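In the UniProt record's numbering, the protein residues as written are 1 to 194.
We put the CB at the ideal spot given by N, CA and C, even for glycine.
Just so it is clear, the structure is predicted and the values come from calculations on it, not from any experiment.
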Ligand code: GTP
Ligand code: MG
């Protein structure tokens, strides 16, 4: 798969607009500002395929990208306190429609900020993915912000903090240095070639 050949497909803001899943999909989920859009750009060697912002809540729609016939899905971030209740309800409707749609999911990447323990919503998300029996891996973002000792500490701690943490695939990554990106690509390739 040529990761340099990604293109933007479409954006959906309403759950009723979501098309049926016809291709293999990889989704990126995580709280607002965790680095989903940045990771997508790094994965595909692009500066601004997905819009990145220092202000949380940038990606309010479900955005589809593709490489050949594999789809990559940037999901809107959860847990941004300042958005209105109606926006949170729209988010929940979008996410539930997306995951409840019997999609052809290769893998969901659940992004968690490596610097901090997972939030309650992160843990809810992990439980949701487990309950729905969706295949997923945890990506620890912003790994560049930690030194060696901190990295070791967080890697050990996260396995205790997340449900079934000992059994999860956990990948520390950085969109800034590119750490972990090659491993992510390999994971994707492995699933695509199955
Ligand atoms: P929403 O669209 O609001 O849900 O956010 P998002 O998860 O898409 O986050 P986004 O990629 O827009 O990044 C949020 C902020 O974190 C930006 O200021 C990025 O530059 C920064 N950031 C993302 N990934 C990394 C990383 O690996 N290292 C560092 N140091 N900063 C990062
Ligand atoms: Mg985003």
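DSSP three-state assignment for residue i, whether helix, strand or coil
| i | result |
| --- | --- |
| residue 162 | coil |
| residue 96 | helix |
| residue 124 | helix |
| residue 4 | coil |
Residue i vs residue j beta-carbon contact at 8 Å
| i | j | result |
| --- | --- | --- |
| residue 123 | residue 76 | no |
| residue 119 | residue 79 | yes |
| residue 143 | residue 149 | no |
| residue 98 | residue 8 | no |
| residue 14 | residue 185 | no |
| residue 168 | residue 139 | no |
For residue i, the residue or residues it bridges with in DSSP
| i | result |
| --- | --- |
| residue 110 | 29 and 138 |
| residue 186 | Answer is none; residue 186 lacks a bridge partner. |
| residue 49 | Partner(s): none; residue 49 has no beta bridge. |
| residue 69 | Answer is none; residue 69 lacks a bridge partner. |
Nearest-angstrom beta carbon gap, residue j and residue i [assumed within contact, 8 Å]
| i | j | result |
| --- | --- | --- |
| residue 72 | residue 40 | 6 Å |
| residue 103 | residue 25 | 6 Å |
Distance between residue j and residue i (C-alpha atoms, nearest Å)
| i | j | result |
| --- | --- | --- |
| residue 153 | residue 100 | 35 Å |
| residue 89 | residue 34 | 20 Å |
| residue 57 | residue 84 | 11 Å |
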